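Peer 1:
Residue numbers (this note's numbering): 2 to 99.
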């Protein structure tokens, strides 16, 4: 069994269900601990060509074969997650109003 707790296992389940159904799922990771959880690598983010990429984390440092692939990360925690989805909701709302 992989380390990382129920959140980690839930993300793996979402990824696996998407693959099994040939639909794919977006796997989003919200780092609410701001890198304080000690059994995982903290997120390491590097900018290349104006785009930020996760180059390490949040996997178990002892698991070199971790199959989890993160599509979107929110290193700023839930505040960043909420801010982005509010912005998306506002854009959709303004489109529907004309």
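Backbone N, C-alpha and C fix where the C-beta goes; we use that ideal spot for every residue, glycine too.
It should be emphasised that the depicted structure is a prediction, and the values quoted were computed from it without experimental measurement.
1) Keeping to the same chain, check which residues put their C-beta closer than 8 Å to that of residue 90; ignore five residues upstream and five downstream.
2) For residue 49, which of helix, strand or coil comes out of DSSP?
3) At what residues does the alpha helix (DSSP H) containing residue 29 begin and finish?
4) Give me the residue from 30, 31 and 16 with the minimum Cα distance to residue 24.
Peer 2: Taking the structure as given:
1) none
2) strand
3) From DSSP, residue 29 is part of no alpha helix (DSSP H) but of the beta strand (DSSP E) over 29-31.
4) 16
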